[in-house]
Each structure stands twice: as structure tokens, then as C-alpha cells.
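Take the position in the sequence shown, starting the count at 1, then add 761; the result is the number in the working numbering.
Heads up, the beta-carbon is just placed ideally off N, CA and C, and yes, glycines get one too.
Predicted, not measured: the structure shown is a model, and the values here were computed from it.
First comes the structure, then the notes that go with it.
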Amino acid sequence: MTLGHTDDTEIATPRPGRYELDLARSKVEFTTKHLFVLPVRGTFSLKSGVADVAEPVTESRVEAEIDATSFRTPTPLRDRIVRSAMFLDTSRYPTITFRSMQWDGETLTGLLTVRETTKPVTVRVTESSTDGDSFTAHATAHVDRTEFGVTASPGMLDRHLDFTLTVRFVRR
């Protein structure tokens with residue numbers, strides 16, 4: 762079954778049921794800018810996730826937890842600073858959560874919680890495939906860190922992060 766398309770790519774929809782995130786085959790990558798011109802690439806690890814695929818598929822829901830302490834870039838000093846109270850404060854807020862509210866076949870709208878702040882975020886699914894009792898989705902999201910109270914270093918770091926997600930869910 763397919764539902765929707767993005768440009769020329771169809772979005773495949775798995776069979777209804779409960780699916781758990783395959784942590785070993787899922788990833789969260791991001792890009793942002795340092796000094797507004799130098800690209801910075803990094804990753805987060807996922808902690809858990811569940812997709813409840815419904816019929817109709819527009820009633821489906823997704824929940825995921827990101828390990829904020831797993832923030833990584835090629836610069837360990839930057840990583841320690843971003844994990845500190847100045848930015849993510851991972852000693853107090855070790856988890857970033859996402860809970861979907863609406864799925865229209867191409868766009869997943871949900872609530873992202875970073876630290877103590879919850880705001881709506883749109884995740885655009887760019888591609889997906891099904892394989893028996895599993896499915897994989899590729900998606901993107903654009904997040905303004907300042908909306909979540911992460912406001913340090915406005916002259917050094919861009920306020921926007923572009924996320925690329927690859928998530929694989931397995932039927933349980």
C-alpha cells in the first residue's frame with residue numbers, strides 16, 4: 762500500500778499494527794553552521810520509539826526518544842559544551858522526545874520536547890519502504906533551537922538545525 766508522494770517518490774505504508782524502533786538501524790543526523798558560514802555536522806542516538814500504524818493510516822501515531830547525552834560532532838570540546846547547562850543541560854534533561862499528532866501521508870506533525878519546552882515540529886517524510894514486517898523511512902525537519910530555550914552563543918552558532926532521519930521500525 763502507498764499513501765502520498767514527495768516529488769517523484771512514493772511513500773510506502775506498512776500494514777496496520779505496532780512497530781518498535783530498530784535502534785541499530787536508525788539514526789538522527791543534523792547540520793548547522795558555526796560563525797554562520799562553517800558547516801557543522803553531528804549525530805544523536807535514538808533511545809526508543811514506537812509506531813502505531815492505523816487504518817486509516819492518517820490515524821497512525823509515532824513516539825520517539827532521542828538520547829540528548831549522545832550529541833556528537835567531530836569536535837569533542839564543542840560536544841561537552843553543547844551537553845552542558847549552557848545548551849542542552851543533559852545532566853538534567855537527558856532525553857529529547859517527539860510525539861506525533863497528525864500524519865497526512867507526507868508530513869508528520871508532532872510535539873518536540875527539549876529541556877522543559879514543548880513546541881510543534883513538522884517532519885517531512887522524503888522516502889519510505891516496507892519489507893514484510895518492517896518499514897524504513899527517511900525524513901527531514903528544520904528546528905529553531907531558540908524556540909526550545911537553547912539560546913546561548915547567538916553570534917557563534919546558527920539558531921537553526923536541519924535534521925535528517927533514517928528510522929527502521931520492526932513489527933512486534
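Cβ neighbour criterion (16 or more within 10 Å) applied to Pro775: buried
The stretch 810-818 touching the stretch 843-850, judged by at least three CB pairs closer than 8 Å: no
Buried or exposed (CB count within 10 angstroms, at least 16 for buried), Ala902: buried
Inter-residue spacing [alpha-carbon to alpha-carbon] between Ile842 and Thr897: 33 Å
Terminal residues of the alpha helix (DSSP H) in which Leu838 lies: Pro837 to Arg844
Contact set for Lys794: own chain, Cβ-Cβ below 7 Å, skip 5 residues either direction: Pro800, Val801 and Asp919
Boundaries of the beta strand (DSSP E) in which Pro881 is found, first to last residue: Thr878 to Thr891
Cβ-Cβ separation, Ser895 to Phe930 (assumed contact under 8 Å), whole Å: 6 Å
Arg779 classed as buried or exposed, judged by whether at least 16 other C-beta atoms fall within 10 angstroms: exposed
Arg933 versus Ala785 - alpha carbon distance: 16 Å
CB of Asp783 within 8 Å of CB of Thr819, strictly: no
Three-state secondary structure (DSSP) of Arg776: coil
Residue burial classification, His766 (beta-carbon count within 10 angstroms, cutoff 16): At His766 the pLDDT is 43, less than 50, meaning the model places this residue with poor confidence; the figure from the coordinates comes in the next sentence. So His766 ends up on the exposed side.
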